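To start, the structure itself, in structure tokens.
Residue numbers (our numbering): 82 to 284.
So this is what it looks like as structure tokens:
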């Protein structure tokens, strides 16, 4: 099994380098860490007594790993979930914050393991995760990955500016969908035709 640090390195690889996409509400971002995050954490990377875009650009991979592990894995208590869920929930938490947990909690409710959908991994959610794993140990990771993929499609349905993250310019699968499917068994991946049918209503 991968260590948390190895999972974090994989997330950095998926996130890529510095970008400042006007359609991304997170603003300037490097390796998945946004300016807003650095400001919230008070991380003055270049030690000039202010936290701004220059600090985002100055981030190193090692600093990113530390931020990911502390603030996106340890703080939300992802390590208390079953091992099979941790990589995908961790990856999605970096990508969407507490929505990663809400997707999981909605999945538990769909499985008739009822929990509050509050985005917090507390005793109730940990107990539900254990029950869900006991009920479907070979399918839980795939079920979460599919729910995650559906979440990204729903974001595209609701917010046209976000569609470019789920669908490439040529109509193929975008980064969000490919990212979700990295954590789904190949037999549950959508074909290109299925993907195109799913986004056919998008202009």
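We treat Cβ as the ideally placed atom computed from N, Cα and C, and that holds for glycine. Here the structure is a predicted model, which is why all the values come from computation and not from measurement.
query: Is it true that the CB of residue 146 sits closer than 8 angstroms to the CB of residue 159?
result: Here residue 159 is not near residue 146, since their CB atoms are 8 angstroms or more apart.
message: Please tell me whether residue 247 and residue 234 are closer than 8 angstroms, where the distance is taken between their beta carbons.
response: Taking 8 angstroms as the Cβ cut-off, residue 247 and residue 234 qualify as a contacting pair.
- request: Kindly indicate which three-state DSSP category residue 112 falls into: helix, strand or coil?
  value: DSSP places residue 112 in coil when its eight states are reduced to three.
- prompt: What do you get for residue 242, buried or exposed, if any count of 16 or more other CB atoms within 10 angstroms of its CB means buried?
  reply: Around the beta carbon of residue 242, fewer than 16 other beta carbons sit within 10 angstroms, so the residue counts as exposed.
- prompt: Nearest to residue 212 by CA position, among 255, 175, 133 and 185, is which residue?
  reply: Of the listed residues, the one whose Cα sits closest to residue 212 is 185.
- prompt: Would the stretch 82-96 and the stretch 152-167 be scored as touching if the rule is three or more Cβ pairs under 8 angstroms?
  reply: Touching, yes.
message: With the cut-off set at 8 angstroms, would you say residue 93 and residue 113 are in Cβ contact?
response: For residue 93 and residue 113, yes; Cβs fall inside 8 angstroms.
message: Less than 7 angstroms separating the Cβ of residue 122 from some heavy atom of the ligand MN?
response: Here there are no bound small molecules, and the ligand MN is not part of this structure.
query: Cα separation between residue 189 and residue 129?
result: Their Cα atoms are separated by approximately 46 angstroms.
- prompt: Got a sec, what are the start and stop residues for the alpha helix (DSSP H) residue 174 sits in?
  reply: Run containing residue 174: 167-177, per the alpha helix (DSSP H) assignment.
task: Pick out whichever of 269, 251 and 138 has its Cα sitting closest to the Cα of residue 108.
output: The option with the nearest alpha carbon to residue 108 is 138.
query: DSSP three-state call for residue 100: helix, strand or coil?
result: Of the three classes helix, strand and coil, the one that applies to residue 100 here is strand, per DSSP.
- prompt: Rounded C-beta distance between residue 119 and residue 132? I'm assuming under 8 angstroms.
  reply: Contact between residue 119 and residue 132 holds: CB atoms are separated by about 5 angstroms, below the 8 angstroms threshold.
task: Could you check what DSSP says for residue 277 in three-state terms: helix, strand or coil?
output: DSSP places residue 277 in helix when its eight states are reduced to three.
query: Mapping DSSP to helix, strand and coil, what is residue 130?
result: The answer is coil: DSSP assigns residue 130 none of H, G, I, E or B.
- prompt: Under 8 angstroms between the Cβ atoms of residue 200 and residue 215?
  reply: Taking 8 angstroms as the cut-off, the Cβ atoms of residue 200 and residue 215 do not count as close.
- request: Could you spell out where the alpha helix (DSSP H) holding residue 212 opens and where it closes?
  value: Where residue 212 is concerned, the enclosing alpha helix (DSSP H) starts and stops at 204-216.
query: Thinking just about the alpha-carbon of each residue, which of 121, 276 and 239 is nearest to the one in residue 256?
result: Nearest of 121, 276 and 239 to residue 256, Cα basis: 276.
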